[in-house]
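Going letter by letter, the sequence shown gives residues 1 to 551 in the UniProt record's numbering.
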Amino acid sequence: MPDSNFAERSEEQVSGATVIAQALKTQDVEYIFGIVGIPVTEIAIAAQQLGIKYIGMRNEQAACYAASAIGYLTGRPLLVIGGSPERNQETMGAFQEFPQVEACRLYTKFSARPSSIEAVPFVIEKAVRSSIYGRPGACYVDIPADFVNLQVNVNSIKYVERCMSPPISMAETSAVCTAASVIRSAKQPLLIIGKGAAYAHAEESIQKLVEQYKLPFLPTPMGKGVVPDNHPYCVGAARSRALQFADVIVLFGARLNWILHFGLPPRYQPDVKFIQVDICAEELGNNVKPAVTLLGDINAVTKQLLEELDKTPWQYPPESKWWKTLREKMKSNEAASKELASKKSLPMNYYTVFYHVQEQLPRDCFVVSEGANTMDIGRTVLQNYLPRHRLDAGTFGTMGVGLGFAIAAAMVAKDRSPGQRIICVEGDSAFGFSGMEVETICRYNLPIILLVVNNNGIYQGFDSDTWKEMLKFQDAASVVPPMCLLPNSHYEQVMTAFGGKGYFVQTPEELQRSLRQSLADTTKPSLINIMIEPQATRKTQDFHWLTRSNM
Ligand SMILES: Cc1ncc(C[n+]2csc(CCOP(=O)(O)OP(=O)(O)O)c2C)c(N)n1
Ligand SMILES: [Mg+2]
1 MPDSNFAERS
11 EEQVSGATVI
21 AQALKTQDVE
31 YIFGIVGIPV
41 TEIAIAAQQL
51 GIKYIGMRNE
61 QAACYAASAI
71 GYLTGRPLLV
81 IGGSPERNQE
91 TMGAFQEFPQ
101 VEACRLYTKF
111 SARPSSIEAV
121 PFVIEKAVRS
131 SIYGRPGACY
141 VDIPADFVNL
151 QVNVNSIKYV
161 ERCMSPPISM
171 AETSAVCTAA
181 SVIRSAKQPL
191 LIIGKGAAYA
201 HAEESIQKLV
211 EQYKLPFLPT
221 PMGKGVVPDN
231 HPYCVGAARS
241 RALQFADVIV
251 LFGARLNWIL
261 HFGLPPRYQP
271 DVKFIQVDIC
281 AEELGNNVKP
291 AVTLLGDINA
301 VTKQLLEELD
311 KTPWQYPPES
321 KWWKTLREKM
331 KSNEAASKEL
341 ASKKSLPMNY
351 YTVFYHVQEQ
361 LPRDCFVVSE
371 GANTMDIGRT
381 VLQNYLPRHR
391 LDAGTFGTMG
401 VGLGFAIAAA
411 MVAKDRSPGQ
421 RIICVEGDSA
431 FGFSGMEVET
441 ICRYNLPIIL
451 LVVNNNGIYQ
461 GFDSDTWKEM
471 LKFQDAASVV
481 PPMCLLPNSH
491 YEQVMTAFGG
501 KGYFVQTPEE
511 LQRSLRQSLA
521 DTTKPSLINI
531 MIEPQATRKT
541 QDFHWLTRSN
551 M
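Okay, here's the thing in C-alpha cells:
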C-alpha cells in the first residue's frame, strides 16, 4: 500500500535518547562524564553519535568533579543528568526510586524533571542558562526511564537555541569613583586575586592594574596564575604579613571565607578597608562591612577601575615602607623554604620533593592537587604562570577531586592545546578516594602525570618498623592510629596494572630521573610514587594557614 508507506516516511520518528542528546548538543555541551546503566546508556550512545565526547568514569563522584572542572575551564555548564524510574511506577517503590529532584534542589541552582519529552529542550536550556548566569553553579535535570526509549515524531520536538553567553554587568559609576579614591589614599594596599577573577578571564585587566599602579597582589589557591606567580609584585611568600598589615584590600572574585580568615582580626587590621569586586550580590558584605562594593563582571569592573584611576597620574610608590616590609618577609620565608628543600637527609621532606618537581614543571602545564600537607605545601612551591591552570580541593577541601579534575583538564588540553601536560599532585590518602580513575586515565590515554606524595598516612604516618612493632600488641583496629595507612604502599602499581608507567622513588635523584622520563614519554600516562618522611610537616607558621583542609 503505497499510501501508508508514504505516511510512515513523512512521520519520521526519533528516540527520546536522541532528543535529549540533541538538546544538550544545541546548548554546546562538548563533554559528558558519567557511568551508564539503565536508563541512561542510550543517552550516552546518542550523545556520541551527535559528536559529544563521552568519558566513562569509574565513580559518579569523580564524574561530577570532572564536569565541574570543565565548567570552570570552558565557562559552559555543570549539568547533572540523572535517570529516574518510569513515570507510571512513581510512588510504587520502583527500582532506585528516590526523590531526586527534591534532593538536588538544596545543592543546585535549578533542579527539575521535564513534564514530557517535548519539554526536554526547554528544561535543558533553562538548566544551562541558570548554571552559567550570575555566580555559576550546578543544575540538575531528571530523566524518567520511559522518556529514553520513547519514539516521537521529529516534528513534535522544538529545540531551543543555544542560550547566550552571560550578559556582562558593570558597577555603579559612583562606586567606581569611591573605590579609586580609596585605592589612591591607601598606605599599605593589597590586591587579592580569587578564583572568580580567573573564571571571568580578567587576567589582562588585573595584570595591567597591578603593573600600572605598582600594587602588591596575592592570589587565592585557584586565583594563582591570573598574574604569574613569579611576577615581581606577587607577595604570596609574605601572605600572612600582607593580610595582617594591609590598610586597603581589593578583593577580585575572592570570598571572605575561611581561606581568607573571614576578613577578621587578628589576621587583619580591625579598620582595614575592603573593596569587594564580585559577580554575586549576596556575597557582598559577608563577615565584614566593606568600604566599597563593586557588583559586576570582574573583568568589566576592573576595566572601569583602570579607566577611573587613569584620569589622574598616580602610582603606589615602589620605595614605600610597605613594599620594603613585604620584600624582607618574602626573602626570609623563601630562605626558610629553600633551607628545608636543600636538606639531604632521607626520606625526603615535602619541600625537597616540591623543589625538584618545580624545577622540571613545564611552564604551560596544569597543576592539579589535593591532600592536606601535600596540597598546602605544594601550593607554596609549585608555580603557576597561566590563568585557570591550577585546580585544587579549594574552598571545600574535598578529597577525591584530583583525578576527576585532572581528567577534565586533560580533555580540554587534548582538544585545545595538544602537547600540554597535567601534573596531578596527590597525597597518598587523597589518591585513594578516586584511585580507580587511573583506569579511566589509561583507557583514554590522557597526558597526565600523577605524583603521589606518600607519607603512609593522613597528615602523617608511621614507618614500617613502627608499624610492625605496633601490630605485635593487639589487633590493628584497636591500635592503628586513625591517620595511618599501610606503610610503603606501591601505588605506582595501580598505574602499571592498566598499562601506564609506574615509578617508586625514594631519593631526589630518582625523583628527578622519573619525572624527566615521564615528561619525555608522551605516549603514556605515569604515576610516580614518592616516599617521604612519614612524620614530615610544614615549616613553622606565624598563623595556622590553609591547614583547615586538615579537617
Ligand atoms: C571527602 C573528604 N573526606 C575526608 C576529608 C578529611 N581529610 C582532610 S585532608 C585528608 C587527607 C590528607 O592526607 P594525604 O592526602 O595523604 O595528604 P598529606 O597531608 O598526608 O600530605 C583527609 C582524609 C576531606 N577533606 N574530604
Ligand atoms: Mg599522606
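Here a beta-carbon is modelled for each residue, glycine too, at the ideal position from N, C-alpha and C.
Computed from a predicted structure; not experimentally measured.
- Of all alpha-carbon atoms in SER526, LYS468, PHE462, LEU485, the one lying nearest the alpha-carbon of GLU533 is that of PHE462.
- Residue pairing of ASP364 in beta bridges, as defined by DSSP: absent, with no partner found.
- About 6 Å separates the beta carbon of VAL182 from that of LYS273, a gap short enough to meet the 8 Å contact definition.
- Within the model, the alpha-carbon separation for ILE528 versus ILE192 is close to 34 Å.
- Short note on ILE117: C-beta not closer than 7 Å to any heavy atom of ligand 2.
- DSSP places LYS329 within a helical segment (H, G or I) once states are collapsed to three.
- Apart from sequence neighbours up to five positions away, the residues of its chain that approach ALA202 with a beta-carbon distance below 6 Å are ILE298, ASN299, THR302, ordered along the chain.
- A Cβ-Cβ contact shorter than 8 Å links SER68 with ALA138.
- In the three-state scheme derived from DSSP, where H, G and I count as helix and E and B as strand, ASN299 is classed as helix.
- Ranked by Cα distance from LEU251, the options LEU284, ARG241, PRO232 are led by LEU284.
- In its chain, beyond the 5 residues on either side, PRO487 have a beta carbon closer than 6 Å to the beta carbon of TRP467.
- The secondary-structure analysis by DSSP pairs THR293 across a beta bridge with GLN276.
- Taking 7 Å as the cut-off, the C-beta of ASN455 counts as close to a heavy atom of ligand 2.
- Approximately 11 Å separates the beta-carbon atoms of VAL367 and ARG388; this is outside 8 Å, ruling out the contact.
- For VAL152, the three-state secondary structure derived from DSSP is strand.
- Between PHE431 and TYR350 a beta carbon distance of about 15 Å is seen, past the 8 Å cut, so the two are scored as non-contacting.
- Around the beta carbon of VAL154, fewer than 16 other beta carbons sit within 10 angstroms, so the residue counts as exposed.
- Between the alpha carbons of LEU346 and ALA238 lies a gap of roughly 29 Å.
- Contact between PRO166 and ILE143 fails: their C-beta atoms lie close to 26 Å from each other, not under 8 Å.
- The Cβ atoms of ILE117 and VAL152 sit closer than 8 Å to each other.
- Burial state of TYR233 is buried, judged by a 10 Å Cβ sphere holding 16 or more other Cβ atoms.
- Excluding five sequence positions before and after ILE423, the CB atoms of its chain that fall closer than 6 Å to its own CB belong to CYS365, VAL367, ILE449, given in chain order.
- DSSP places LYS109 outside both helix and strand once states are collapsed to three, so it counts as coil.
- Ligand 1 never approaches ALA410 closely enough for any of its heavy atoms to be under 7 Å from the residue's Cβ.
- A Cβ-Cβ contact shorter than 8 Å links GLY263 with ASN287.
- A Cβ-Cβ distance of about 4 Å is found for the pair ALA23 and PRO121, placing them in contact under the 8 Å criterion.
- A direct Cα-to-Cα measurement between VAL210 and TRP258 gives close to 25 Å.
- In the DSSP assignment, GLY56 is bridged to GLY34.
- The residue from VAL452, PRO99, GLN512, LYS53 with its alpha-carbon nearest to that of SER489 is VAL452.
- Sequence-distant partners of CYS484 (beyond 5 residues in either direction) whose C-beta falls short of 7 Å from its own C-beta, in its chain, are ASN456, GLY457, GLY461, PHE462.
- Per DSSP, the unbroken beta strand (DSSP E) holding VAL425 starts and ends at 422–427.
- Rounded to the nearest whole angstrom, the CA to CA distance from PRO508 to GLN420 is 25 Å.
- Taking 8 Å as the cut-off, the Cβ atoms of ILE55 and ALA62 do not count as close.
- Annotation for ALA393: GLU370, MET375, MET399, VAL401, SER549 place their beta carbon closer than 7 Å to its own, counting only its chain and skipping 5 residues before and after.
- Distance check between VAL505 and each of SER526, ALA44, GLY37 places SER526 closest, using alpha-carbon atoms only.
- Within the chosen limit of 7 Å, ligand 2 does not reach the beta carbon of GLY378 with any heavy atom.
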